[in-house]
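Visitor: Chains as they are written, first to last, in the working numbering: chain A, 1 to 114; chain B, 1 to 117.
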C-alpha cells in the first residue's frame, strides 16, 4: 500500500473548520484514501473514504486533488470531542493481495481548544 | 449498526499466565477479523488477519505460537496471549470486516488493555 505523510499535530478553535492534509504521492489507481480517527484509549473510528471524487458524510468532507496525490479531511465545525489522532490511510481496493488490510501511520494529533 | 465489542476491556495478569481476549461483531457477520496491538504513544500495528474457519495469517515478526487466534464463527474471534510477559503489556484492538464487494469496511472494537505484572 502507498505511504502517506501527515503533519504531526494541528490545533483548531472550537466551532471553526479543521482542515487536515495528507500527502499520498505514490498512490495507485486501485487505491482508496481512507480516514480514521482514534480518541484516546479507544478503538479507531471510521470517518470517510474516497477514490477520486470528493465525498461528504455526516461527519466530514474529503477533498482529493485531481492528480490524487494529496487529500484534505475537513471537519466543518470542530468541537472539543473531535480532539483525536486522525489517520490517513491508502488502501487497495478489494481483490488485491492486501485485501482488507489497513496500515496505520503516525497520524495527526488534532487538538480542538475552546 | 456495525458494532464490534471486546471483552474484557481491561485485564491484569501475572507473568507466565495466558490471557484470552474476545472480539464479537454484534450486528453483522464478519468474514474477516483483524487483531492490532498498540504501545503507548505509538500507532496501531497489525498482528494478524483471520478468516472464519481458516488459520490466521500473521504479520512478520508476530509469533503465532504466542498469540493464538481462533475465528470459529462469523461473529467471534479470540486472541490468546500465551505465557504473557511484561513486554506483552499493550492495548489490543480487533476489527471486523464484512465482505461487501468492491470494498469492505473495518469496524473497530473498543480495545483491551493488557497489563502483565
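Glycine residues also receive a C-beta, built at the ideal position from the N, C-alpha and C atoms.
Determine the chain B residues that contact residue 106 of chain A at a beta-carbon separation under 9 angstroms, and present them in chain order.
Guide: The answer, in chain order, is 42, 43.
Visitor: Around the Cβ of residue 41 of chain B, are there at least 16 other Cβ atoms within 10 angstroms (buried) or fewer (exposed)?
Guide: Classification for residue 41 of chain B: exposed.
Visitor: Ends of the beta strand (DSSP E) at residue 68 of chain A?
Guide: First-last for residue 68 of chain A: undefined, no H or E at that position.
Visitor: Please classify residue 65 of chain B: does DSSP put it in a helix, a strand, or coil?
Guide: Residue 65 of chain B falls in the coil class under three-state DSSP.
Visitor: Kindly indicate which residue of B:38, B:73, B:81 has the alpha-carbon position closest to the one of residue 65 of chain B.
Guide: Ranking the options by Cα distance to residue 65 of chain B, first place goes to B:81.
Visitor: Quick one: what's got a C-beta closer than 8 angstroms to residue 71 of chain A's C-beta in the same chain, skipping five residues either side?
Guide: Correct list, in chain order: 21, 22, 24, 33, 50, 62, 63, 64, 65, 88.
Visitor: With H, G and I counted as helix, E and B as strand and the rest as coil, what does DSSP make of residue 80 of chain A?
Guide: Helix, per DSSP.
Visitor: Using the Cα positions of residue 80 of chain A and residue 58 of chain A, report the straight-line distance between them to the nearest angstrom.
Guide: Taking the straight line joining both Cα atoms gives about 17 angstroms.
Visitor: Please state if the CB of residue 12 of chain B and the CB of residue 35 of chain B are separated by a distance shorter than 8 angstroms.
Guide: Contact flag unset, no.
Visitor: Compare the C-alpha of residue 59 of chain B against each of B:77, B:48, B:98 and name the closest.
Guide: Cα-wise, what sits closest to residue 59 of chain B is B:48.
Visitor: So the beta strand (DSSP E) residue 51 of chain B belongs to, where does it begin and stop?
Guide: Run containing residue 51 of chain B: 45-51, per the beta strand (DSSP E) assignment.
Visitor: Counting only Cβ-Cβ distances shorter than 8 angstroms, please list the residues of the segment 44-58 of chain A near chain B, keeping chain order.
Guide: Cβ contacts with chain B come from 44, 45, 46, 49.
Visitor: Could you check what DSSP says for residue 55 of chain A in three-state terms: helix, strand or coil?
Guide: DSSP places residue 55 of chain A in strand when its eight states are reduced to three.
Visitor: Taking the C-alpha atoms as reference points, what is the distance between residue 20 of chain B and residue 78 of chain B?
Guide: The alpha-carbon atoms of residue 20 of chain B and residue 78 of chain B are separated by roughly 7 angstroms.
Visitor: Where residue 84 of chain A and residue 110 of chain A are concerned, what is the direct C-alpha to C-alpha distance, given to the nearest angstrom?
Guide: Taking the straight line from one Cα to the other gives about 6 angstroms.
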